[in-house]
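Please read the structure below before turning to the comments.
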Ligand code: PMP
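In this note's numbering, the protein residues as written are 15 to 483.
Here it is in structure tokens:
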């Protein structure tokens, strides 16, 4: 923050540096280069962010669904500082071990919602999902099934942006211009109640989704499919929980065809749904699990791939065929990340934050439904515990979507930001998402919901004024 001879840069100067030199992810690049950032954040405490102008905002998204214990937790900051002083780095190649990653591995295996055997650490959800694909391939190569390599993900699933995980992600906007997905990836139907499931009972909808998966497997050939990857609740694709009975119907199909189930717990893991893992909430029994975000509440980049004993035994046998396991990152098992994760998990326990996510989450769901349930441009209010979304539609009865060019959700998010609340537009679902820190206060939820309700009213008023509805 201090440059140029000790001169403290003000918000305008910082914004100008950012406009000229920063290359932002998921941003309209030319617009940013023209207009710069809407604000420059300089601090955070609990669920509140502060910008360089001293204005505060409720962060109704916990960053990107990740700052679960809230900003400014000194317990984690101290654990990170202590670790940096004691052992700033240690790799994990060639059997090398350090204390904190060893402790964290054991703790995660103990916490896992279904029996898991080992955990491999990475740096992000994306690289962890790439690792899962490599593990599923390696598994089948060890088993002498070289053709069993395709991966089935779902439309609107979000699994990352790397060259493999970006293709697993079932959002066309992330494929366009990048030559994705790679050819071994397929997508099954998304379990959207408002669209694919419109007018169906839960049982009918589950049957439709299971039939879609069966048909996909039959078309491709089960002996060409290695794994199926799914979030317990799809997050960035629209906050989509499957209908009751979905995984109970899907899993026997996967088992029958010897297809591994990978649970992507990057958002749901560590309490967001009011239980420690989304797999428990949704009745998933995965062979492999991906964790990130809430593992450290984003105080340090850290992800993990957990594998069951069934998978591990085969991977371990691979040595006799392929030599020592040839995969891993410089920063795999980073001791500072592990120290941050251990301190974060301590906080979840000592402050009973998972139960809090359930309680405060029930309040948030109630408030969202009260504010948006009968709004003229809202098609659905959905979610559970501390994850929710509101989807905008042009016609509630149809339902009929808005013309994407109207950018309804991004406009609502912008109008809410003007009112001091940070949410997130999920443009492909014309939805706004809510995923606040578990420590958010009820009064802050009220402030966020009211700002968003006013913002939606403003945009609805503009659409009517312009004769667009
Ligand atoms: N999986 C899920 C379910 C996610 O929500 C995300 C990030 N939004 C990822 C994977 C990718 O994680 P990262 O951005 O850390 O690569």
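Using N, Cα and C, we set each Cβ at its ideal position, and we do this for glycine too.
None of the values given here were measured: they were computed from a predicted structure.
Length of the line joining the Cα atoms of residue i and residue j
| i | j | result |
| --- | --- | --- |
| residue 222 | residue 169 | 15 Å |
| residue 486 | residue 279 | With the chain covering 15 to 483 only, the question about residue 486 has no answer from this structure. |
| residue 480 | residue 428 | 18 Å |
| residue 156 | residue 202 | 27 Å |
| residue 114 | residue 349 | 6 Å |
| residue 184 | residue 172 | 6 Å |
| residue 321 | residue 226 | 27 Å |
| residue 198 | residue 406 | 34 Å |
| residue 88 | residue 55 | 19 Å |
| residue 475 | residue 86 | 38 Å |
| residue 235 | residue 82 | 41 Å |
| residue 445 | residue 384 | 17 Å |
| residue 286 | residue 356 | 18 Å |
| residue 240 | residue 161 | 9 Å |
| residue 65 | residue 433 | 14 Å |
| residue 149 | residue 329 | 8 Å |
| residue 372 | residue 289 | 7 Å |
| residue 152 | residue 271 | 18 Å |
| residue 267 | residue 147 | 20 Å |
| residue 422 | residue 299 | 38 Å |
| residue 44 | residue 237 | 46 Å |
| residue 413 | residue 430 | 25 Å |
| residue 32 | residue 68 | 18 Å |
| residue 338 | residue 107 | 10 Å |
| residue 455 | residue 392 | 26 Å |
| residue 263 | residue 217 | 10 Å |
| residue 297 | residue 291 | 10 Å |
| residue 382 | residue 341 | 45 Å |
| residue 440 | residue 29 | 25 Å |
| residue 125 | residue 118 | 10 Å |
Residue i classed as buried or exposed, judged by whether at least 16 other C-beta atoms fall within 10 angstroms
| i | result |
| --- | --- |
| residue 336 | exposed |
| residue 394 | buried |
| residue 233 | exposed |
| residue 191 | exposed |
| residue 206 | buried |
| residue 141 | buried |
| residue 103 | exposed |
| residue 252 | buried |
| residue 303 | buried |
| residue 127 | buried |
| residue 49 | exposed |
| residue 307 | buried |
| residue 277 | buried |
| residue 458 | buried |
| residue 478 | exposed |
| residue 109 | exposed |
| residue 42 | exposed |
| residue 301 | buried |
| residue 396 | buried |
| residue 411 | exposed |
| residue 145 | buried |
| residue 5 | Not covered by the structure: residue 5. The range shown for the chain is 15 to 483. |
| residue 229 | exposed |
| residue 176 | buried |
| residue 324 | exposed |
| residue 167 | buried |
| residue 354 | buried |
| residue 15 | With a pLDDT of only 49 at residue 15, under 50, the local geometry of the prediction cannot be trusted, and the value read off the model is given with reservation. Residue 15 comes out exposed. |
Strand pairing of residue i, partner residues [DSSP]
| i | result |
| --- | --- |
| residue 164 | 239 |
| residue 317 | 136 |
| residue 59 | 62 |
| residue 304 | 278, 319 |
| residue 350 | Residue 350 is not bridged to any residue. |
| residue 368 | Partner(s): none; residue 368 has no beta bridge. |
| residue 85 | 60 |
| residue 199 | 165 |
| residue 73 | 436 |
Contact with chain D by residue i, beta-carbon distance below 9 Å
| i | result |
| --- | --- |
| residue 121 | In the structure shown, chain D cannot be found, because there is only a single protein chain. |
- Runs of alpha helix (DSSP H) wholly within the stretch 384-447 (minimum 4 residues, chain order): 422-432
- Query: Taking the runs of the alpha helix (DSSP H) that are 4 residues or longer, which of them lie wholly in the stretch 202-278?
  - Reply: 216-234, 260-270
- Which whole runs of the beta strand (DSSP E) in the stretch 97-150 are 3 residues long or more, in chain order? Positions of the beta strand (DSSP E) runs, each at least 3 residues long and wholly inside the stretch 97-150, are given as 132-136 in order along the chain.
- Query: Using 8 Å as the threshold, is the stretch 243-260 in touch with the stretch 399-407, meaning 3 or more CB pairs across them?
  - Reply: yes
- Message: So, does the stretch 91-99 touch the stretch 455-472, judging by three or more C-beta pairs under 8 Å?
- Response: no
- Message: Closer than 8 Å is the cut-off here; do at least three beta carbon pairs connect the stretch 304-315 with the stretch 72-89?
- Response: yes
- Query: Are three or more beta carbon pairs between the stretch 255-273 and the stretch 206-219 nearer than 8 Å?
  - Reply: Yes, the stretch 255-273 touches the stretch 206-219.
- Query: Quick one: any contact between the stretch 50-69 and the stretch 440-455, if contact means 3 or more CB pairs under 8 Å?
  - Reply: yes
- Message: Just to be sure I understand the criterion: a residue counts if its Cβ is closer than 7 Å to at least one heavy atom of the ligand GDP. Which residues meet that?
- Response: The model on display carries the ligand PMP but not the ligand GDP.
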